[in-house]
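For any residue, its number in this note's numbering is found by taking its place in the sequence shown, counting from 1, and adding 144.
Worksheet for the structure shown next.
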Amino acid sequence: MSKTEEHIGDTVSLVYQCRLPLSTSTVNHLASLLRRHLKSIGSRWRSLPPGKIAVIVLAVLRHDQRLTDMAGGNNIAESTVRRWRDEMIHLLAARAPRLDRALKKIAKRGGEVVLVDGTLIATQRRTGRDNRKHFSGKHHRHGLHFLALTDERGRLIWISDARPGRTHDATAARHDHLVEHLKAAGLGALADLGFLGVDKPDDPDDLVIVTGFKATRYRKLTPGQKTANRVLAAGRAPVERGFAHLKNWRILTKLRTDPARATHLLRALLVLTNIEATTGN
Numbered sequence: 145m146s147k148t149e150e151h152i153g154d155t156v157s158l159v160y161q162c163r164l165p166l167s168t169s170t171v172n173h174l175a176s177l178l179r180r181h182l183k184s185i186g187s188r189w190r191s192l193p194p195g196k197i198a199v200i201v202l203a204v205l206r207h208d209q210r211l212t213d214m215a216g217g218n219n220i221a222e223s224t225v226r227r228w229r230d231e232m233i234h235l236l237a238a239r240a241p242r243l244d245r246a247l248k249k250i251a252k253r254g255g256e257v258v259l260v261d262g263t264l265i266a267t268q269r270r271t272g273r274d275n276r277k278h279f280s281g282k283h284h285r286h287g288l289h290f291l292a293l294t295d296e297r298g299r300l301i302w303i304s305d306a307r308p309g310r311t312h313d314a315t316a317a318r319h320d321h322l323v324e325h326l327k328a329a330g331l332g333a334l335a336d337l338g339f340l341g342v343d344k345p346d347d348p349d350d351l352v353i354v355t356g357f358k359a360t361r362y363r364k365l366t367p368g369q370k371t372a373n374r375v376l377a378a379g380r381a382p383v384e385r386g387f388a389h390l391k392n393w394r395i396l397t398k399l400r401t402d403p404a405r406a407t408h409l410l411r412a413l414l415v416l417t418n419i420e421a422t423t424g425n
């Protein structure tokens, strides 16, 4: 712990160290990305070196550190930290793969299926008629809806645009033309019952998105259908690991950013998550 020269009344601001549970490769990757960007725009100066800037931005994303606290601990302005954060998010999001390219990459390396699911990222409570669309009746909270794809091992390969929290998984899949992209890549997908009805081929053998069987009040599942659902659930399990790795970034605990910027943030975190996963392997 160390003291700074900033005084608030009769108190002295204190600065403490906090462990950042990320690999050195991730920090170096961000620092290199920033150096290339500064060179491309002809900027020769920053208040701090790229490596230090990368650590500050990662602390904001991983630990959800407040910008004011990070600014005070590094003797810089809060607006500077905000600008660095937005700059790094933009650079990382630009490296996130498009849906068609992500699927072609899976097919090229011999993959046959991907895992698809939707998730809600909680946001601050929103009021007013115009913001009711952000309330999810399923989760009973305000948030933004995202679709994500992973490979068979649960590695995130693509994430959709942010949509209002009330959006249904099936609606989002139709909007992103998921079935068409899967067919173009020659891949299938495993999904839960939230995607039931998205894929309705004339020939059942041409089914691309497999969702299992749903019981109703008047139609119970047969033993064979229950077994098929259990097998499907086991095959889909890795997609939950993918979401868990993504939500390790605590800035997603409750988003305070503008929903219009949430898509860039999630895609930037996808890139960072995959860098960490690659380093860990």
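No residue lacks a Cβ here, since even glycine has one placed at the ideal position from N, Cα and C.
task = Label W228 either buried or exposed according to how many other C-beta atoms from any shown protein chain fall within 10 Å of its C-beta, with 16 as the threshold for buried.
result = Translated into positions along the sequence shown, residue 228 becomes position 84. If you draw a 10 Å sphere on the C-beta of W228, you find 16 or more other C-beta atoms in it, and that means buried.
inquiry  = Once DSSP output is grouped into helix, strand and coil, what is the label at V257?
reply    = Against the sequence shown, residue 257 aligns to sequence position 113. Looking at V257 - three-state DSSP - the assignment turns out to be strand.
query = Taking three-plus beta-carbon pairs below 8 Å as touching, is the region 272–282 in contact with the region 307–320?
reply = Between the region 272–282 and the region 307–320 there are three or more C-beta pairs closer than 8 Å, enough to call the two in contact.
Top-ranked residue by Cα proximity to R285, from T267, A292, L291 and T294 = Position 141 of the sequence shown, counted from the start, is the residue given in the question as residue 285. Checked all of T267, A292, L291 and T294; the closest Cα to R285 is T267.
ask   = If you compare alpha carbons, which of P345, A328 and R318 is closest to G338?
value = Position 194 of the sequence shown, counted from the first residue, corresponds to residue 338. When only C-alpha atoms are compared, the closest one is R318.
request  = Quick one: residues in its chain with C-beta nearer than 7 Å to the C-beta of L236, no 5 flanking neighbours on either side, listed in chain order?
outcome  = Residue 236 sits at position 92 when you count from the first residue of the sequence shown. Closer than 7 Å at the Cβ level, and outside the excluded window around L236, lie A412, V415 and L416.
query = If you compare alpha carbons, which of N218, L166 and L182 is closest to V159?
reply = Here residue 159 refers to the residue found at position 15 when the sequence shown is read from its first residue. Taking each of N218, L166 and L182 in turn and checking the Cα distance to V159, the smallest one comes out for N218.
task = Please determine, among A246, L334, R226 and A388, the residue with the shortest C-alpha to C-alpha distance to L376.
result = Translated into the one-based positions of the sequence shown, residue 376 becomes position 232. Here the closest residue by C-alpha is L334.
key: Alpha-carbon spacing of H151 relative to D208, whole angstroms   = Locating residue 151 in the sequence shown gives position 7, counting from the first residue. Locating residue 208 in the sequence shown gives position 64, counting from the first residue. A caution first: H151 carries a pLDDT of 48, below 50, which makes its placement in the model unreliable, though a value can still be read off. Between H151 and D208, the alpha-carbon positions lie close to 25 Å from each other.
inquiry  = Among the candidates F387, A329 and A381, whose CA atom is the shortest distance from the CA of G254?
reply    = Walking along the sequence shown from the start, residue 254 turns up at place 110. Closest by alpha carbon: A329.
query = Can you pull the DSSP bridge partners for R285?
reply = Here the question's residue 285 lines up with position 141 in the sequence shown. Looking at the DSSP assignment, R285 forms a beta bridge with S280.
Terminal residues of the alpha helix (DSSP H) in which A333 lies = Sequence index remark: in the sequence shown, residue 333 carries index 189 (1-based). For A333, no alpha helix (DSSP H) run applies; the uninterrupted beta strand (DSSP E) run containing it begins and ends at G332 to L334, by DSSP.
inquiry  = Going by DSSP, what residue range makes up the beta strand (DSSP E) through L300?
reply    = Taking the sequence shown and counting its residues from 1, the one referred to as residue 300 is at position 156. First-last of the beta strand (DSSP E) with L300: L300 to I303.
query = What do you reckon, are the CB atoms on I233 and L399 nearer than 7 Å?
reply = Position 89 of the sequence shown holds residue 233. Position 255 of the sequence shown holds residue 399. Cβ atoms of I233 and L399: not closer than 7 Å.
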